[in-house]
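Note sheet for the following structure.
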Amino acid sequence: MYARGQEFDRIQAVIADAGTDQPLTAREILTLLDEHGELDENHENHAGTLESAHEVATVLGRQAQYGGVTVIRSSPYQYQIGGNL
Numbered sequence: 001m002y003a004r005g006q007e008f009d010r011i012q013a014v015i016a017d018a019g020t021d022q023p024l025t026a027r028e029i030l031t032l033l034d035e036h037g038e039l040d041e042n043h044e045n046h047a048g049t050l051e052s053a054h055e056v057a058t059v060l061g062r063q064a065q066y067g068g069v070t071v072i073r074s075s076p077y078q079y080q081i082g083g084n085l
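In the UniProt record's numbering, the protein residues as written are 1 to 85.
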């Protein structure tokens, strides 16, 4: 469970660093993570490593249950993070 919290913290930090206040899809967030060097290029399975848009969506969907993320149920789903709600 703690690893998922760390993953959300990384996502939140990268989005804040990118300075975007727009809702993003999981794929767009994965691209931002890659651009900021937050993905494991060797695809080694380390705890706390996001490797797909599905994993990003899972982390954000779970976090939405506790607050800090708003899920916009469009096609594709979009996610509004943190203070940018």
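Where is the CB? At the ideal position from N, CA and C, for every residue including glycine. Keep in mind that this is a model prediction, so the values were computed, not measured.
Open item on the list: Any contact between the segment 51 to 63 and the segment 25 to 38? By contact I mean 3 or more CB pairs, one from each, below 8 Å.
Closed with: Counting C-beta pairs closer than 8 Å gives three or more between the segment 51 to 63 and the segment 25 to 38, which meets the contact rule.
Open item on the list: To the nearest angstrom, how far is the alpha carbon of Asp-34 from that of Gly-67?
Closed with: Distance between Asp-34 and Gly-67, taken at the CA atoms: about 25 Å.
Open item on the list: Relative to the C-alpha of Ile-81, which candidate in Ser-75, Arg-73, Ser-74 and Ala-64 has its C-alpha closest?
Closed with: Nearest C-alpha to Ile-81: Ala-64.
- [ ] Can you say whether Asn-84 is buried or exposed, counting buried as having 16 or more other CB atoms within 10 angstroms of its CB?
- [x] Any reading at Asn-84 needs caution, since the residue's pLDDT is 47, under 50, leaving its predicted position unreliable; the model's value is listed next. Flag for Asn-84 reads exposed.
- [ ] Indicate the three-state DSSP secondary structure (helix, strand or coil) for Thr-58 in the structure shown.
- [x] Thr-58 falls in the helix class under three-state DSSP.
- [ ] For the alpha helix (DSSP H) holding Thr-49, just list the boundary residues, first then last.
- [x] Annotation: Thr-49 is outside any alpha helix (DSSP H) and is labelled neither H nor E by DSSP.
Task: Reference Glu-38, options Gly-61, Gln-22 and Ile-11, closest by Cα - done: Checking every option, the nearest Cα to that of Glu-38 belongs to Ile-11.
Task: Backbone CA spacing between Glu-7 and Leu-50 [nearest angstrom] - done: So the two alpha carbons sit approximately 7 Å from each other.
- [ ] Report the residue from Arg-73, Arg-62 and Val-69 whose alpha carbon sits nearest the alpha carbon of Asp-21.
- [x] For Asp-21, the nearest C-alpha among the options comes from Val-69.
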